[in-house]
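Following: one structure in structure tokens, then a few remarks.
Given below as structure tokens:
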């Protein structure tokens with residue numbers, strides 16, 4: 152029997168890029184995989200009718216209470232799937248009417264600027280964690296006498312805890328590298344969009 | 008009071024809030040006031056409501072607890088913002104009419 156549910160692990164850089172989350176959720180929905188849950192590490196999809204839902208991702212206004220906002224969105228036929236921090240993943244049954252979260256250029260520009268702030272934070276976070284992880288790896292290698300070995304000192308001696316720490320640090324390092332590659336890409340995309348919307352804003356509201 | 012132009016969304020939201028209304032009611036009222044031309048999307052609407060509350064042009068009424076829907080109403084400062092915008096729009100239409108009456 153075919154599986155009707157699947158869970159995907161995603162990396163930190165994916166969880167903070169609104170456009171990527173939205174694109175992937177809509178692509179999966181077209182194939183009949185509907186995003187049901189979204190968290191900082193995992194996404195859960197359920198088998199359903201292709202195109203049953205449309206997905207949008209937004210960075211919530213700081214002045215709006217999350218629970219109140221979600222309660223009010225239900226009147227618009229919109230429900231929350233999940234989110235990370237102020238980032239909300241929302242969906243609406245596809246009923247032939249457009250599912251737009253923004254109806255004017257000013258709010259579209261404001262939303263893109265929030266996405267830029269999110270991606271910048273992601274980039275800084277990736278850099279910070281990369282520094283901490285590299286320090287951690289270096290300290291573990293020194294404690295295991297790897298560096299001393301090449302200076303003609305005692306033999307290398309890894310404990311089980313050190314092996315586990317090195318494995319975890321290597322995985323974290325991988326996540327940081329992905330973040331360092333992906334966040335600037337998302338930033339460039341969002342900035343291009345802001346420039347094009349601002350050019351449009353000069354001539355129309 | 009700023010003298011910059013209000014967006015169409017903000018102008019219609021302020022006009023809608025003479026009597027208390029919640030978000031969905033505002034959206035319906037704006038659509039009706041504009042003869043169906045302006046349909047506010049949820050993100051635009053709630054973004055504007057947060058900004059207008061922060062500026063003191065509208066207030067939220069009733070229960071402030073989390074997860075409860077809120078009603079909003081215009082304040083005297085909000086009314087003054089609408090009047091200022093109307094003066095600006097009158098100036099625009101008067102100048103536009105004056106300069107285009109001999110066109111064709």
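Protein chains in written order, with the numbering used here: chain A, 152 to 356; chain B, 8 to 111.
For every residue, glycine included, the Cβ atom is placed at its ideal position computed from N, Cα and C.
Margin query: Counting beta carbon pairs with one atom in the region 45-52 of chain B and one in the region 251-271 of chain A, are three or more of them shorter than 8 Å?
Written below: Touching, yes.
Margin query: I need the boundaries of the alpha helix (DSSP H) containing residue 332 (chain A), first residue and last residue.
Written below: It spans 311-354 - the alpha helix (DSSP H) in which residue 332 (chain A) sits, taken as one unbroken run.
Margin query: Using only CA atoms, which one of A:213, A:221, A:191 lies nearest to residue 273 (chain A)?
Written below: It is A:191.
Notebook entry, point to check: Any heavy atom of the ligand ADP within a distance shorter than 7 Å of the CB on residue 322 (chain A)?
Noted result: The ligand ADP is absent from the structure shown, which contains no ligand whatsoever.
Next item on the list: With 7 Å as the C-beta to C-beta threshold (strictly closer), list the residues of the region 217-245 of chain A near chain B in chain order.
Entry: Of all residues in the region 217-245 of chain A, those with a C-beta nearer than 7 Å to a C-beta of chain B are 218, 219, 220, 222, 223, 224, 226, 227, 229, reading in chain order.
Check: What are the boundary residues of the beta strand (DSSP E) that includes residue 197 (chain A)?
Finding: Note, residue 197 (chain A): beta strand (DSSP E), 193-198.
Next item on the list: For residue 39 (chain B), count neighbouring Cβ atoms within 10 angstroms of its own Cβ and tell me buried if that reaches 16, exposed if not.
Entry: With a threshold of 16 other beta carbon atoms within 10 Å, residue 39 (chain B) falls short and is exposed.
Checklist line | residue 110 (chain B) classed as buried or exposed, judged by whether at least 16 other C-beta atoms fall within 10 angstroms | finding: With fewer than 16 other Cβ atoms within 10 Å, it is exposed.
Note to self: Could you check whether the Cβ of residue 49 (chain B) sits closer than 8 Å to any Cβ belonging to chain A?
What the structure shows: Any Cβ of chain A closer than 8 Å to the Cβ of residue 49 (chain B) would place that residue at the interface, and such an atom is present.
Notebook entry, point to check: Helix, strand or coil: how does DSSP classify residue 97 (chain B) here?
Noted result: Residue 97 (chain B) falls in the helix class under three-state DSSP.
Item checked: Buried/exposed call for residue 350 (chain A), threshold 16 Cβ in 10 Å -> Residue 350 (chain A) comes out exposed.
Notebook entry, point to check: On the premise that residue 14 (chain B) lies in contact with residue 255 (chain A), defined as a C-beta separation below 8 Å, what is that separation, rounded to the nearest angstrom?
Noted result: That belief holds up - the Cβ atoms of residue 255 (chain A) and residue 14 (chain B) are roughly 6 Å apart, short of 8 Å.
Margin query: Against chain B, does residue 253 (chain A) count as a neighbour if the rule is that its beta carbon must be under 8 Å from one of theirs?
Written below: By this cut-off, residue 253 (chain A) is an interface position.
Next item on the list: Could you list the residues in the region 22-34 of chain B with a C-beta less than 8 Å from some C-beta on chain A, going in chain order?
Entry: Correct list: 29, 30, 31, 34.
Note to self: For a test of the three-state rule: what should DSSP assign to residue 13 (chain B), helix, strand or coil?
What the structure shows: Coil, per DSSP.
Check: At least one CB of chain A closer than 8 Å to the CB of residue 42 (chain B): is that the case?
Finding: Output row for residue 42 (chain B): interface = no.
Check: Going along chain A in order, which residues have a C-beta closer than 9 Å to the C-beta of residue 100 (chain B)?
Finding: Ordered by position in chain A, no residue passes the 9 Å Cβ test against residue 100 (chain B), which lies about 16 Å from the chain.
Checklist line | DSSP three-state assignment for residue 37 (chain B), whether helix, strand or coil | finding: Of the three classes helix, strand and coil, the one that applies to residue 37 (chain B) here is helix, per DSSP.
Margin query: List, in chain order, every chain B residue whose beta-carbon is nearer than 9 Å to that of residue 205 (chain A).
Written below: At a C-beta separation below 9 Å, residue 205 (chain A) has no neighbours in chain B, since its nearest C-beta there lies roughly 13 Å away.
Item checked: Cutoff 7 Å; reference residue 204 (chain A); Cβ partners in own chain excluding five residues on either side -> Within the same chain, residue 204 (chain A) has close Cβ partners 180, 185, 242, 243, 244, 245.
Margin query: Which residue wins for smallest C-alpha separation from residue 236 (chain A), given the options A:206, A:270, A:341, A:252?
Written below: Of the candidates A:206, A:270, A:341, A:252, the one whose C-alpha sits nearest the C-alpha of residue 236 (chain A) is A:270.
Item checked: Beta-carbon proximity of residue 210 (chain A) to residue 266 (chain A), cut-off 8 Å -> For the pair residue 210 (chain A) and residue 266 (chain A), the CB atoms are nearer than the 8 Å cut-off.
Check: Is the CB of residue 39 (chain B) under 8 Å away from at least one CB in chain A?
Finding: It does not: the Cβ of residue 39 (chain B) has no partner Cβ on chain A nearer than 8 Å.
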